[in-house]
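A.B. asks:
4 protein chains.
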Amino acid sequence: MHTTSIGDLIQLVSTKDQKTFLLIIDQDDKLETHHGIIKHSDLIGQPYGDVVSSHLGAEFLVLTPSISSIARTIKRKSQIIFPKDLGLILLRLSIQPGQKVIEAGTGSGALTLTLAQAVGPHGMIYSYDIRADMQELAKQNLELVGMNKRVNLKTRDICDGFDEQNIPAIFLDIPNPWDYLAQVHNSLENGGFFGALVPTTNQVSTLLEALKQAPFGLLEVVEVMLRNYKTNPERLRPSDRMVAHTGYLIFARGLTQLK
Amino acid sequence: MHTTSIGDLIQLVSTKDQKTFLLIIDQDDKLETHHGIIKHSDLIGQPYGDVVSSHLGAEFLVLTPSISSIARTIKRKSQIIFPKDLGLILLRLSIQPGQKVIEAGTGSGALTLTLAQAVGPHGMIYSYDIRADMQELAKQNLELVGMNKRVNLKTRDICDGFDEQNIPAIFLDIPNPWDYLAQVHNSLENGGFFGALVPTTNQVSTLLEALKQAPFGLLEVVEVMLRNYKTNPERLRPSDRMVAHTGYLIFARGLTQLK
Amino acid sequence: MHTTSIGDLIQLVSTKDQKTFLLIIDQDDKLETHHGIIKHSDLIGQPYGDVVSSHLGAEFLVLTPSISSIARTIKRKSQIIFPKDLGLILLRLSIQPGQKVIEAGTGSGALTLTLAQAVGPHGMIYSYDIRADMQELAKQNLELVGMNKRVNLKTRDICDGFDEQNIPAIFLDIPNPWDYLAQVHNSLENGGFFGALVPTTNQVSTLLEALKQAPFGLLEVVEVMLRNYKTNPERLRPSDRMVAHTGYLIFARGLTQLK
Amino acid sequence: MHTTSIGDLIQLVSTKDQKTFLLIIDQDDKLETHHGIIKHSDLIGQPYGDVVSSHLGAEFLVLTPSISSIARTIKRKSQIIFPKDLGLILLRLSIQPGQKVIEAGTGSGALTLTLAQAVGPHGMIYSYDIRADMQELAKQNLELVGMNKRVNLKTRDICDGFDEQNIPAIFLDIPNPWDYLAQVHNSLENGGFFGALVPTTNQVSTLLEALKQAPFGLLEVVEVMLRNYKTNPERLRPSDRMVAHTGYLIFARGLTQLK
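Residue numbers (our numbering), protein chains in the order written: chain E, 881 to 1139; chain R, 881 to 1139; chain L, 881 to 1139; chain Y, 881 to 1139.
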């Protein structure tokens, strides 16, 4: 039986309203929820997939959080990259265990921790952001999920380039990725994977224009729409509302020379 | 400089029409394309991201294939799971390096090799399919990409259950997943991740009904729509046609008891 | 110059926040808005497309409302049919000036007034609803837009059938349209157009099953997704959120006999 | 009983493969199909909604065509506006029986005949196109459906403006609508409805920019996605592929002055 221990990162989900809490089990702490208080000491040694009760008798499922539920739940100061986009980024950049990846900007760290989970303990994410406050927030989020050792946070402008060389995958989540294609190409392994996310069509056009005048090939632009369904089997239907747009994803491969 | 060697799995992409070929570089082989012949010996020692020419002078980019381009390119005898869905499956099942995963059926192996890449060399995929011909095809596809050691193919009906226990994630891509929830629950780690893909709404309803009467929680039903754009920056617009539907993805968590 | 007169139905749109008001110009009335009061007497003789000011100096565009803005703005007690669906219904039922149409239920009247505008002063809509309160609300909405003479509201259960015969188009917006196919067929002109809207996939299946066992042909099931864009030309992008689902539209033609 | 007569426009739909034919019943003509020959004389006096047989025994439903099936079936030399967009255009331009409407260009006439049906016998469509061959094709299509008297086709460049004044609705389906906003405003009733369709995001941006510098208000940009479902009630699911994009629809209202 898989049971909880002190130091585990767990997810508590209210069986009433699916409200979700992330926490690391401590000896003496307690969690205050809208449905009552749960003492951490009551959370030790619980089987995963079981329920615990608050002092008001409200029930909560005890689970290990998925990476996508973590990405949705972390503290944020900026628009995060959504799980619908994170999955495609992992695939299109062909992220693998043990790999090195560069990203900029770090933001609140949703992509950072997704990449960190995907490369595993033998990989490394180099994550650049010019804003110290975002780096601090990302650091806290990474520590919460125990992935800080897989991420090298660098509080720096990227106009002078990245410190690393021959990196197989680089992702830019910044307003003007076209301004840094030389820096990307300089640090990207030849043939490597490049990706970016921008919210507007004008930015997509500007980035495509720049990519066509630089040594990049196999350009792709995609958008992902995800629709959730209500889970009543006798009244199956999509939810009333959905996220209509987060951003456009652009992918390309680094070439040895202009095509 | 990252260069090709004998034994490398590479992707050749025609610069004329983006037609793509997957191959493992051999000493003596040759590739026949619609734009001419390429000798494997000409492919040895090439920088990745560079171009090679066929005997007719047609140019091809030399690249390492991404896992999503592999999944789209493999030989198939059945409908494969599309990259748009593969990314979300990795995230929602929270697949990690070193992990064990069960899937059934194997099919042509698109999900199999995606899972195999994600768990890395220290993980293991247990992949069940009742059809020996599908298992043989998947075996060839896995060997092509060098991931056969990470996958244990089992040509077996799953009505008697899976051989493994305490597996953190199980995915079913079969017509009647509701018939195997007891087997899934028996092999799933408590609190573990369950997923399934079914093409029709009737199947979604039947599966939801079964999940609600079994020890599973946090049910989710989603569909992913992916829209590609043409990459002309001065005439940015979506492609004319798109895949409208592959299937509905259902996710749930294994509980210790009925909720 | 097209100018306003007493009795005109007009739409006032705040230039600040696009908040919209529908009203019929009276001699002595006044409109209270969140941006100040507008006397109806100040609205008489204004050119359409011009602005008027409230007593606080806030500006409002004076316009004739479009049928789709009316449908979005009317008082409602129930989920209305959205403009995205209304347009397709008009086309698929091939609604024409001078035509007769049956609908049930009336609901808040969004489809009723759209049909009434489309058939014009020489057409007639027969609109059935079992709930007197809905009929009363629809009556008020129809009077507001001056279309009450084109609509015959009938507060009645439709289990005993419709009073009219040989109607070229019938639309059902009720939870169980399959229970009334005999009644529909009895009142539908041979070869006529039938349509229905239901929110769940289970209802779609039940309705399709019933249609296949009755003298109907050319079955169609469609859903319409409408995505709005923000109108900043330098930052063109879809709105963040959208309506994911209202209902599935089912269309069929009445046949003379079982196929 | 509603029966066919000489001169009727009818739609024949193969019960085997749903292939559709539009024709006007003549005394002596015959229709050659892939499933055999049908003599027009056999089509006279048939009940609508009934079936007729070809000389090979293949069955065809006899129906009046809907406006959307006509729009899909007409001969074309250019990309037509799709039914999914036509419905929304009718609603957003608030087209009514008896109304006058201007459109440019005419193209193959899909929007022209949809507008002509919506305004009815007392309305009038003024349709401009610089290409005489398109006008000739549209004329044939309009004659086929008996709506040529409701449409005034003008083979002319619109750079010198439209002949008509105070028109309540104007729609442009041309590559550079921004070049003709002065002409549109000059012929549009104050407060009137303007619409345009353009395929690329760059065109949307250019048109929005121009509209913001001209006396237009209430700008809207929308795209319509329509998804068809297979009609098997026991295996309900969307079709595999769909139209991903036709164009972006832009709507605005004519104002009396710059806002």
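Just so it is clear, CB atoms sit at the ideal spot from N, CA and C, and this is done for glycine as well.
1. For MET881/Y, is the classification buried or exposed, using 16 other Cβ atoms within 10 angstroms of its Cβ as the cut-off for buried?
2. Starting from ALA1132/E and walking both ways along the beta strand (DSSP E), at which residues does that stretch end?
3. Please list the partners that ALA998/R has in chain E, where partner means a Cβ-to-Cβ separation under 9 Å.
4. Could you name the residues that DSSP lists as bridge partners for MET1004/R?
5. Within 9 Å of any Cβ in chain R, is that where the Cβ of THR1126/L sits?
6. With respect to the alpha helix (DSSP H) encompassing ILE969/E, which residues constitute its N-terminal and C-terminal limits?
7. Could you please give me the residues that DSSP links to GLU1100/L through a beta bridge?
8. Classify PRO1055/E as buried or exposed, calling it buried when 16 or more other Cβ atoms lie within 10 Å of its own Cβ.
9. For chain R, is any of its Cβ atoms less than 9 Å away from the one on GLU1089/Y?
10. How is PRO1055/Y classed by DSSP in three states: helix, strand or coil?
11. Assuming ALA1124/R is part of the alpha helix (DSSP H), what are its boundary residues?
12. Look at the Cβ atom of GLY1134/R, then the Cβ atom of GLY925/E, and state whether they are nearer than 9 Å.
13. For the alpha helix (DSSP H) containing SER1153/L, name the first residue and the last one.
14. Give a yes or no on whether 9 Å exceeds the smallest Cβ distance from GLY929/Y to chain L.
15. Which residues in the same chain have their Cβ closer than 8 Å to the Cβ of THR883/E, if we skip the five residues on either side of it in sequence?
16. Determine, using beta carbons only, whether VAL1084/Y comes closer than 9 Å to chain E.
17. Out of curiosity, what's the CA-to-CA distance linking GLN886/E and THR994/E?
18. Considering only residues of the same chain and omitting the five flanking positions on each side of GLY916/R, which have a CB-CB separation below 6 Å?
19. What's the call for ALA1062/R, buried or exposed, on a 16-neighbour Cβ count within 10 Å?
20. For LEU995/L, list the residues DSSP reports as bridge partners.
21. With three or more C-beta pairs closer than 8 Å as the rule, is the region 970–986 of chain R touching the region 1038–1055 of chain R?
22. Cutting at 8 Å between CB atoms, please list the residues of its own chain near ASN1032/L, excluding the five before and the five after it.
23. Alpha helix (DSSP H) containing ALA938/L: first to last residue?
24. Judging by CA-CA distance, which residue of LYS899/L, LYS1029/L and ILE1050/L is the nearest neighbour of ILE969/L?
25. Please compile the residues from chain L whose C-beta is within a distance smaller than 7 Å of the C-beta of GLU983/Y.
26. Can you give the beta carbon distance from GLY1075/R to ARG956/R, rounded, assuming they're within the 8 Å contact cut?
27. Look at the alpha carbon of ASP1053/Y and the alpha carbon of VAL1025/R, and state the distance between them as a whole number of angstroms.
28. Helix, strand or coil: which one does DSSP assign to PRO1095/E?
29. Taking ASN835/R as part of the beta strand (DSSP E), name the residues at either end of that continuous run.
30. Pick helix, strand or coil for TYR1060/E, following the three-state DSSP scheme.
31. Would you say PRO1001/R reaches chain Y, if we count a Cβ-Cβ gap shorter than 9 Å as a contact?
32. Say whether chain L places a C-beta atom closer than 9 Å to the C-beta of THR1081/R.
33. Is it true that the CB of VAL1084/L sits closer than 9 Å to the CB of ASP1120/E?
34. Against chain R, which members of the region 888–914 of chain Y pass a CB distance test of less than 7 Å?
35. Run through DSSP, which three-state label would ASN1070/R get?
C.D. replies: In terms of the structure at hand:
1. So MET881/Y counts as exposed.
2. Note, ALA1132/E: beta strand (DSSP E), 1128–1134.
3. Contacts between ALA998/R and chain E, judged by CB atoms closer than 9 Å, involve LEU970, ILE975, GLN976, PRO977 and ALA998 in chain order.
4. Bridge partners of MET1004/R: LYS980/R.
5. By this cut-off, THR1126/L is not an interface position.
6. It spans 963–972 - the alpha helix (DSSP H) in which ILE969/E sits, taken as one unbroken run.
7. Bridge partners of GLU1100/L according to DSSP: PHE1131/L.
8. With fewer than 16 Cβ atoms within 10 Å of its Cβ, PRO1055/E is classed as exposed.
9. Answer no: the Cβ-Cβ gap between GLU1089/Y and chain R never drops below 9 Å.
10. Judged by DSSP in its simplified three-state form, PRO1055/Y adopts coil rather than helix or strand.
11. Premise fails: ALA1124/R is in no alpha helix (DSSP H) and is neither H nor E.
12. No. Outside cutoff.
13. In the structure displayed, chain L extends from 881 to 1139; residue 1153/L sits before or after that span and is not available.
14. Interface residue, yes.
15. The residues GLY925, GLN926, PRO927 and TYR928, in chain order, have a CB closer than 8 Å to that of THR883/E in the same chain once the five nearest residues on each side in sequence are set aside.
16. Chain E has a Cβ within less than 9 Å of the Cβ of VAL1084/Y.
17. For the sequence presented, residue 886/E should be read as Ile rather than Gln. Each residue's Cα considered, the two are about 24 Å apart.
18. Cβ-Cβ distances below 6 Å link GLY916/R to SER934, HIS935, LEU936 and ALA938 in the same chain, with the five nearest sequence neighbours on each side left out; the list follows chain order.
19. The residue is exposed, with fewer than 16 neighbouring Cβ atoms inside 10 Å.
20. LEU995/L is not bridged to any residue.
21. They touch, by the three-pair rule.
22. Same-chain partners within the cutoff: MET1004, ILE1005, TYR1006 and SER1007.
23. ALA938/L: not part of any alpha helix (DSSP H); DSSP gives it neither H nor E.
24. Looking at the Cα atoms, ILE1050/L is the closest of the given residues.
25. Under the 7 Å cutoff, chain L gives no residues; its nearest Cβ is about 17 Å from GLU983/Y.
26. Contact doesn't hold; Cβ gap of about 21 Å is too wide.
27. A straight-line Cα-Cα distance of about 50 Å links ASP1053/Y and VAL1025/R.
28. Coil at PRO1095/E, not helix or strand.
29. Nothing can be reported for residue 835/R, as the shown portion of chain R is limited to 881 through 1139.
30. The answer is helix: DSSP assigns TYR1060/E an H, G or I state.
31. Proximity of PRO1001/R to chain Y, defined by a Cβ-Cβ separation below 9 Å, is not satisfied.
32. At a cut-off of 9 Å between C-beta atoms, THR1081/R counts as an interface residue with respect to chain L.
33. For ASP1120/E and VAL1084/L, no; Cβs fall outside 9 Å.
34. For the region 888–914 of chain Y, no residue has a beta-carbon sitting nearer than 7 Å to a beta-carbon of chain R.
35. The three-state secondary structure of ASN1070/R, taken from DSSP, is strand.
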